[in-house]
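**Student:**
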């Protein structure tokens, strides 16, 4: 069995939660956009993605077809995801 250090366990829990919350928030924003309700600010979506939720954001964008017309949004999200993967790699190596 693989033994996880405390830092690895904390990282796994953190990234799981932030990605789940980000995914749900993108879904809520999409629902609100369909219903012409008050939306989640784009700034909030960016902050959540930047704080580690970029994978959840990208999955939500694909699944909900949300923010898919904004190529700059998609490109920047991909850049954030690559940076986060690199940082996680550096932490865990």
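Numbering (the numbering used here), first residue to last: 9 to 101.
The beta carbon of each residue, even a glycine, is placed where N, CA and C say it ideally should be.
Since the structure is predicted, the reported quantities are computational estimates derived from the model, not experimental observations.
1. Answer with buried or exposed for residue 56, where buried requires no fewer than 16 other C-beta atoms within 10 angstroms of its C-beta.
2. Measuring alpha carbon to alpha carbon, tell me which of 39, 36, 62 and 11 ends up nearest residue 27.
3. How about residue 85 and residue 71: do their beta carbons lie closer than 7 Å?
4. For the structure I just gave you, are there three or more beta carbon pairs, one from the stretch 33-53 and one from the stretch 68-83, closer than 8 Å?
5. With a threshold of 16 other CB atoms inside 10 Å of the CB of residue 93, please say whether the residue is buried or exposed.
6. Go to residue 86, then tell me how far its alpha helix (DSSP H) extends in each direction, as first and last residue.
7. Please list the terminal residues of the continuous alpha helix (DSSP H) segment that includes residue 14.
8. Report all residues from its chain with a CB closer than 8 Å to the CB of residue 100; omit the five preceding and five following residues, and keep chain order.
9. Can you round the beta-carbon distance between residue 60 and residue 22 to whole angstroms, since I take them to be within the 8 Å contact cut?
**Tutor:** Looking at the atomic coordinates:
1. buried
2. 62
3. no
4. yes
5. exposed
6. 79-100
7. 14-42
8. Hits under 8 Å: 16 and 19.
9. 7 Å
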